[in-house]
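These protein sequences, in sequence, are chains A and B.
Counting from 3, one number per residue, gives the positions in the first sequence under our numbering.
Counting from 3, one number per residue, gives the positions in the second sequence under our numbering.
Below is one structure, written out as structure tokens; the observations come after it.
2 protein chains.
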Amino acid sequence: MDQIIQCVPNFSEGKDLEKIEKIVAPLKNREGVKLLSVEPDKDYNRTVVNIIGEPLKVLEAVYEAVGIATELIDLNIHRGEHSRMGATDVVPFIPVKNIEMEECIELAITLGKRIADDYKIPVFLYEEAATCKERVNLAAVRKGQFEGMAEKLKDPQWKPDFGQCIPHKTAGVVGVGARLPLVAFNINLGTTDINIAKNIAKAIRHSSGGFRYIKAGPAELKEKGIVQVTMNVVNYKKTPLYRVFETVKMEAKRYGVPVLGSEIIGSVPMEALAMSMEYYLGLDGFSMEKVLESNL
Amino acid sequence: MDQIIQCVPNFSEGKDLEKIEKIVAPLKNREGVKLLSVEPDKDYNRTVVNIIGEPLKVLEAVYEAVGIATELIDLNIHRGEHSRMGATDVVPFIPVKNIEMEECIELAITLGKRIADDYKIPVFLYEEAATCKERVNLAAVRKGQFEGMAEKLKDPQWKPDFGQCIPHKTAGVVGVGARLPLVAFNINLGTTDINIAKNIAKAIRHSSGGFRYIKAGPAELKEKGIVQVTMNVVNYKKTPLYRVFETVKMEAKRYGVPVLGSEIIGSVPMEALAMSMEYYLGLDGFSMEKVLESNL
């Protein structure tokens, strides 16, 4: 059975569309690789690229794109609202089908080593690929940004996983990682009272005592006259969608507020939906192998 | 995006494993085609084969298998409990991914014509591929079986869609069709009273006034000490799983019997699960394109 991964490299260029075009060129019309989206953001001055495909073919394509980004982007003159440490800022590998996290970590190690060896850019492994717990959190790795990296890399605690202890002069350092797919999941409440969304978000998110893999906050949908609990489910296997949804319903009862429904922003892995179906239909002996398309 | 179909040819040989092996040989180790299962049944003297893959490659592989079945099976000496009209009895094409029913009907027409032209076997198109409403129901097409086909084909109403009005001497006639995937879905009731399963099956099935696309009956699971409503969902798009499940729960209340859960036998299309998720989570603006794997 074919293995499929997703990869979401972030490049520190969000304005010059010609440069962006050149960077993503190696990801296009390539056998075994499908470019899903290229999303430049002018304010962030950053482009998020989304591809899926066969593991080694994705790795090879991304390796080439990182090479081009290294040539075209000079962080000494880069300004943008999003923090960054490299011309290629981060490259996360994400297991999608018939592949374990372990194999995605291997891909991160392989790519990280090649980026350091061939492009002379120091590399940090992060999230699931991190070599120590201080490097799991990307924000901690990136702290100090491009401008602070020369100093940071002198600290033995921040010796890069690959490459020298000196940032690349124009391309900085790169974070290469492995993680599960994020699910952006929002739940709509039948009220205009943003405080209710705030309280429910607080009840379910990890940072204030809720579920381990939920990040949540309130949002106002003024046009619709409702509020929303807006979430990132960072591990849908351990905090499944149905559990969050039913908990939000349960909390909403305190306020006499109806849950109107929900929405998924972007994409969701088939397994995340199937796990919730297993709950609602009380499916016995269900496994992903039962899903017809899993056999491809 | 790749198109994927399923095909479930039924061959009238369920005992001689050597013959079966020869018939399915063209379906093995073939690029773009995956053989999911080969299930011979001795009592039926019939083998159900399950393959998925790229439309034209599946068609070509099945065409070859039908040729071998025509050489190896002589219906004049075939005995079995399952009714049959041909050495290759039926060949249904089933849309799975990025393909419409219309295209599966085209495949049925193409294969039907080739079987008639090259193997000299008359062909009836059935279900979605049927050319008139009398031929939609496979049981009506097959009525009279192999032994009665010579007589049946003389009736102008039963002129085959392709080929002559005389059955093949040893291979009879073949039904080639197009249909949606069946979902075999069973719901468990917390009681030993089979009459309750009977009554609920009656309430939900088409034949006695229930849902248009549900076939249902009762079953006893003696080892578990429970009963089951056992179903075939013949169109999961028009009668979705959640609707059947919630209706069975609603009916079970009449008897004070709990619904313990459910099970899916064999495979289920991703879309059938996703449609039920849409209901339970009240998902706004959901489409199959949001499922990560749909982009492959």
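Glycine residues also receive a C-beta, built at the ideal position from the N, C-alpha and C atoms.
Quick caveat: nothing in here was measured; it's all calculated off a predicted structure.
Review point. Is LYS21 (chain A) buried or exposed, if buried means 16 or more other CB atoms sit within 10 Å of its CB?
Key: The count along the first sequence starts at 1 and reaches residue 21 (chain A) at position 19. Classification of LYS21 (chain A): buried, given that the 10 Å Cβ count is 16 or more.
Review point. Can you tell me the Cα-Cα spacing of GLU302 (chain B) and PRO124 (chain B), whole angstroms?
Key: Only positions 3 to 298 of chain B appear in the structure, and residue 302 (chain B) is not among them; the question remains open.
Exercise for review: Please list the residues of the stretch 275 to 286 of chain B that have a C-beta atom closer than 7 Å to any C-beta atom in chain C, keeping them in chain order.
Suggested key: You won't find chain C in this structure, because its protein chains are A and B.
Exercise for review: Buried or exposed for THR133 (chain B), please, with buried defined as at least 16 other CB atoms from any protein chain shown within 10 angstroms of its CB.
Suggested key: The residue you call residue 133 (chain B) lines up with position 131 of the second sequence. Flag for THR133 (chain B) reads exposed.
Review point. What does DSSP give as the partner residues of VAL185 (chain A) in its beta bridges?
Key: By one-based count along the first sequence, residue 185 (chain A) stands at place 183. DSSP lists A:VAL235 as partners of VAL185 (chain A).
Check your understanding: Should ASN78 (chain B) be labelled buried (16 or more other beta-carbon atoms within 10 Å of its own) or exposed?
Key -> Within the second sequence, the letter at position 76 stands for residue 78 (chain B). ASN78 (chain B) is exposed by the Cβ-count criterion.
Practice item. Let me know the secondary structure DSSP gives THR90 (chain B) once reduced to three states. Key: Residue 90 (chain B) sits at position 88 when you count from the first residue of the second sequence. It is a strand residue.
Practice item. Please name the residues in the stretch 198 to 230 of chain B whose beta-carbon is closer than 9 Å to at least one beta-carbon of chain A, in chain order. Key: Result list empty, no residue passes.
Check your understanding: In terms of residue numbering, what span does the alpha helix (DSSP H) encompassing SER278 (chain A) cover?
Key -> Reading the first sequence from its first residue, position 276 is the one you call residue 278 (chain A). Annotation: the continuous alpha helix (DSSP H) that includes SER278 (chain A) extends over 272 to 282.
Check your understanding: At a CB-CB cut-off below 7 Å, which residues of chain B make contact with PHE247 (chain A)?
Key -> As a working mapping, residue 247 (chain A) is identified with position 245 in the first sequence. Those within 7 Å of PHE247 (chain A) in chain B are LEU283.
**Study point:** Residue of A:GLN230, A:VAL178 and A:ALA254 minimising C-alpha distance to LEU95 (chain A)
**Key:** Here residue 95 (chain A) corresponds to residue number 93 of the first sequence, with the count starting at 1. This sequence places Phe at residue 95 (chain A); Leu is not what is there. Proximity to PHE95 (chain A) across A:GLN230, A:VAL178 and A:ALA254 peaks at A:VAL178, based on C-alpha coordinates.
Exercise for review: Would you tell me roughly how many angstroms separate the C-alpha atoms of ALA221 (chain B) and ALA199 (chain B), rounded to the nearest one?
Suggested key: Along the second sequence, one-based indexing puts residue 221 (chain B) at 219. Along the second sequence, one-based indexing puts residue 199 (chain B) at 197. Between ALA221 (chain B) and ALA199 (chain B), the C-alpha separation is close to 7 Å.
Review point. Just the Cα atoms here: how many angstroms apart are ASP43 (chain B) and HIS80 (chain B)?
Key: Residue numbering aside, residue 43 (chain B) sits at position 41 when the second sequence is read from its first letter. Residue numbering aside, residue 80 (chain B) sits at position 78 when the second sequence is read from its first letter. ASP43 (chain B) and HIS80 (chain B) have their C-alpha atoms some 13 Å from each other.
Check your understanding: Mind checking whether ILE25 (chain B) and LEU61 (chain B) have CB atoms under 8 Å apart?
Key -> Residue 25 (chain B) sits at position 23 when you count from the first residue of the second sequence. Residue 61 (chain B) sits at position 59 when you count from the first residue of the second sequence. Result no, Cβ atoms of ILE25 (chain B) and LEU61 (chain B) do not sit closer than 8 Å.
Check your understanding: From the beta carbon of ILE168 (chain A), is the nearest beta carbon of chain B less than 8 Å away?
Key -> Walking along the first sequence from the start, residue 168 (chain A) turns up at place 166. With 8 Å as the cut-off, ILE168 (chain A) does not count as an interface residue toward chain B.
Review point. I think LYS251 (chain A) touches VAL261 (chain A), with their Cβ atoms under 8 Å apart; what is that distance to the nearest whole Å?
Key: Position 249 of the first sequence, counting from 1, holds the residue named residue 251 (chain A). Position 259 of the first sequence, counting from 1, holds the residue named residue 261 (chain A). About 5 Å; that satisfies the 8 Å criterion.
Review point. Are TYR128 (chain B) and VAL143 (chain B) touching if we call contact CB-CB under 8 Å?
Key: Taking the second sequence and counting its residues from 1, one reaches residue 128 (chain B) at position 126. Taking the second sequence and counting its residues from 1, one reaches residue 143 (chain B) at position 141. Contact flag set, yes.
Check your understanding: Excluding sequence positions up to five away, which residues of its chain have a Cβ less than 7 Å from the Cβ of ASP76 (chain A)?
Key -> What you label residue 76 (chain A) is simply residue 74 of the first sequence in a count that begins at 1. THR172.
Check your understanding: Is there contact between the stretch 157 to 177 of chain B and the stretch 199 to 213 of chain B, where contact requires at least three CB pairs shorter than 8 Å?
Key -> As far as the Cβ criterion goes, the stretch 157 to 177 of chain B does not touch the stretch 199 to 213 of chain B, which means the pair count is below three.
Review point. Using a Cβ-Cβ distance under 8 Å, would GLY263 (chain A) count as near chain B?
Key: Locating residue 263 (chain A) in the first sequence gives position 261, where the first residue counts as 1. Against chain B, the CB of GLY263 (chain A) has a partner CB under 8 Å away; the residue lies at that interface.
Check your understanding: Does the beta-carbon distance from GLU56 (chain A) to GLN5 (chain A) come in below 8 Å?
Key -> Along the first sequence, read from residue 1 onward, the residue named residue 56 (chain A) stands at position 54. Along the first sequence, read from residue 1 onward, the residue named residue 5 (chain A) stands at position 3. Against a cut-off of 8 Å, the Cβ pair of GLN5 (chain A) and GLU56 (chain A) comes out as a contact.
Review point. Where does ASP119 (chain B) sit, in a helix, a strand or coil, going by DSSP?
Key: In the second sequence, residue 119 (chain B) corresponds to position 117, counting from 1. The answer is helix: DSSP assigns ASP119 (chain B) an H, G or I state.
**Study point:** N- and C-terminal bounds of the beta strand (DSSP E) containing ILE75 (chain B)
**Key:** Here residue 75 (chain B) refers to the residue found at position 73 of the second sequence. Per DSSP, ILE75 (chain B) lies in no beta strand (DSSP E) segment and is marked neither H nor E.
Exercise for review: Mark GLU83 (chain A) as exposed unless 16 or more other C-beta atoms lie within 10 angstroms of its C-beta, in which case mark it buried.
Suggested key: Within the first sequence, the letter at position 81 stands for residue 83 (chain A). Taking all protein chains shown into account, GLU83 (chain A) has fewer than 16 neighbouring C-beta atoms within 10 Å of its C-beta and is therefore exposed.
Point to revise | 8 Å Cβ cutoff met for ASN378 (chain A) and THR232 (chain A) | key: Outside the shown range of chain A, which is 3 to 298, sits residue 378 (chain A), and nothing can be said about it.
Point to revise | Validate contact between the stretch 99 to 106 of chain B and the stretch 149 to 157 of chain B using beta carbons, cut 8 Å, 3 pairs | key: The count of Cβ pairs closer than 8 Å, one atom from the stretch 99 to 106 of chain B and one from the stretch 149 to 157 of chain B, stays below three, leaving the stretches out of contact.
Check your understanding: Are the C-beta atoms of LYS99 (chain B) and some chain A residue less than 8 Å apart?
Key -> Along the second sequence, read from residue 1 onward, the residue named residue 99 (chain B) stands at position 97. True, the Cβ-Cβ gap to chain A drops below 8 Å.
Check your understanding: With ASN52 (chain B) and GLU15 (chain B) assumed to form a contact (beta carbons below 8 Å), what rounded beta-carbon distance in angstroms separates them?
Key -> On the second sequence, position 50 is the one that residue 52 (chain B) refers to. On the second sequence, position 13 is the one that residue 15 (chain B) refers to. A Cβ-Cβ separation of about 16 Å leaves ASN52 (chain B) out of contact with GLU15 (chain B) under the 8 Å criterion.
**Study point:** Same chain only: Cβ atoms within 6 Å of ALA118 (chain B), ignoring 5 sequence neighbours per side
**Key:** Along the second sequence, read from residue 1 onward, the residue named residue 118 (chain B) stands at position 116. Taken in chain order, the residues that qualify are VAL125, PHE164 and GLY165.
Practice item. Quick one: measure Cβ to Cβ for VAL50 (chain A) and LYS292 (chain B), integer angstroms, because I've assumed they're closer than 8 Å. Key: Residue mapping note: residue 50 (chain A) aligns to position 48 of the first sequence, counting from 1. Residue mapping note: residue 292 (chain B) aligns to position 290 of the second sequence, counting from 1. Not a contact, Cβ separation roughly 17 Å.
Review point. Hey, does GLN5 (chain A) have any beta-carbon neighbour from chain B nearer than 8 Å?
Key: Taking the first sequence and counting its residues from 1, the one referred to as residue 5 (chain A) is at position 3. Answer no: the Cβ-Cβ gap between GLN5 (chain A) and chain B never drops below 8 Å.
**Study point:** Nearest-angstrom Cα separation, counted from ALA27 (chain A) out to TYR65 (chain B)
**Key:** Your numbering for residue 65 (chain B) matches position 63 in the second sequence. Your numbering for residue 27 (chain A) matches position 25 in the first sequence. Taking the straight line joining both Cα atoms gives about 41 Å.
Exercise for review: Anything in chain B within Cβ reach of VAL259 (chain A), meaning under 9 Å, just list it in chain order.
Suggested key: Reading the first sequence from its first residue, position 257 is the one you call residue 259 (chain A). Here the premise fails: no neighbours, minimum Cβ distance about 14 Å.
Practice item. Verify the CB distance criterion: does MET272 (chain A) have a CB-CB separation below 8 Å to chain B? Key: As a first step, residue 272 (chain A) is located in the first sequence; it is residue number 270 there, counting from the start. Using beta-carbon distances, MET272 (chain A) counts as an interface residue toward chain B, with a partner under 8 Å.
Point to revise | Three-state class that DSSP yields for VAL35 (chain A) in the structure shown | key: Counting from one through the first sequence, the residue named residue 35 (chain A) turns up at place 33. DSSP places VAL35 (chain A) within a strand segment (E or B) once states are collapsed to three.
Review point. So which residues of chain A does LEU294 (chain B) contact, with C-beta pairs closer than 8 Å?
Key: Numbered from its first residue, the second sequence carries residue 294 (chain B) at position 292. When 8 Å is used as the limit between beta carbons, LEU294 (chain B) is near these residues of chain A: GLN8, ILE54, VAL98, PRO183, SER269, VAL270, PRO271 and MET272, in chain order.
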